[in-house]
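Scroll down for the structure; my scribbles are underneath it.
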Amino acid sequence: MSFAMLSNASLPAQPLIYIIEDDDAINRLVVMALHDFGFATESFRSGATVLRRLHTERPDLCIVDLGLPDMDGIDLVRQIGTLSNAGVLILTGRAHPVDRVMGLELGGDDYVTKPFEPRELVARVRSILRRRAAPSTAGPCLTPVRRHASFLGWRLDCAANILRADDGTEHLLGTAEVQVLRAFIEHPHQILTREQLVGQRDLSPNDRSIDVRISRLRRKLELDPQNPKIIKTVYGAGYVFSAAVTWS
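Below you can see the structure in the form of structure tokens.
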């Protein structure tokens, strides 16, 4: 991948990136790579310090090392998702794929394994930011007359990004999850491609972002996420939302 491909022309000026990494050498490498491409950064050596900072500042993306000294990085990924809408890039030296999968399912957008190529890391950061900034091609549901969507006992408040179960339990959805769920409820019983759900025409076949978002939604909506009845996979085509939707 050439540096020319990493032009910042399509991104806002100086997105803020948090780097949560206790290895000074790796931290410096990440900071230098990001600064070279116009990103602002703040570095943290522990999970506790970044969680405190999230109460007063909102970064665009967090790069999280899973091997932190004070807490498990996977738990930190989950807490970041609770406190903010920041994207999350997992940086890990852990070889077991279970750690990476858990990190993605709990809120991570992508992951990079150590050792890594700095240009690849920058490319992954840019890809996450582009996906999060891209408007959904399926159309938003933010108009006042179509604020609340109901299906199978669930109710989505499209203005507040809150999903409520019939027992009153509430889930505050992240930006990525809401984008996909909005696409589904606007087009129930229709096959939607990965590109339609993510809102990109040139989605790479190796891009795992949609799989992560679908997995998160299934964990909330499905009785058995391994055998989904609401969000069904149509192999070779995309996904179908198999529920009637009413609006209020």
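The opening position of the sequence shown corresponds to residue 1 in UniProt numbering, with each subsequent residue numbered one higher.
Just so you know, even glycine gets a beta-carbon here, dropped at the ideal spot from N, CA and C.
Cβ distance (whole Å) where residue i is taken to contact residue j below 8 Å
i	j	result
Asp110	Ser209	7 Å
Ile231	Arg216	Contact doesn't hold; Cβ gap of about 11 Å is too wide.
Thr92	Leu66	4 Å
His187	Ser248	Wrong, their Cβ atoms sit about 18 Å apart, outside the cutoff.
Leu89	Arg58	Not a contact, Cβ separation roughly 16 Å.
Burial state of residue i, where buried means 16 or more other Cβ atoms lie within 10 Å
i	result
Asn27	buried
Ala33	buried
Asp36	exposed
Glu120	exposed
Glu170	exposed
Gly108	buried
Ile80	buried
Spatial distance of residue i from residue j (CA atoms)
i	j	result
Ile63	Val234	33 Å
Asp224	Tyr18	35 Å
Arg45	Val30	13 Å
Leu192	Asp23	43 Å
Thr41	Ile20	10 Å
Leu54	Pro15	15 Å
Gly73	Arg213	20 Å
Arg155	Glu117	44 Å
Asp157	Val112	34 Å
Asn85	Leu51	13 Å
Gln190	Thr56	42 Å
Glu222	Ser43	38 Å
Ser127	Lys229	31 Å
Asp211	Ala160	24 Å
Ala25	Gln226	41 Å
Gly236	Phe39	37 Å
Own chain, CB closer than 8 Å to residue i, minus 5 neighbours either side, in chain order
i	result
Thr82	Leu172
Gly238	Ile191, Leu192, Thr193, Arg194, Gln196 and Leu197
Ile185	Cys141, Ala149, Phe151, Leu156, Phe241 and Val245
Sequence-distant residues of its chain with Cβ nearer than 7 Å to residue i (five each side left out)
i	result
Arg132	Gly87, Thr175 and Ala176
Gly153	Ala165 and Asp166
Gly47	Ile20, Leu68, Asp70, Met71 and Leu76
Ser136	With a pLDDT of only 46 at Ser136, under the threshold of 50, the placement of this residue in the model should not be trusted, and no figure is reported.
Leu129	Leu11, Pro15, Asp60, Leu61 and Gly87
Lys220	Leu163 and His171
Thr143	Reliability fails at Thr143, whose pLDDT of 38 lies under 50, so the model's placement of it is uncertain and the value that follows must be treated cautiously. Closer than 7 Å at the Cβ level, and outside the excluded window around Thr143, lies no residue.
Val122	Leu6, Ala33, Leu34 and Phe37
Gly168	none
Own chain residues within Cβ distance below 6 Å of residue i, not counting five before or after
i	result
Phe151	Ala243 and Val245
Lys114	Gly93
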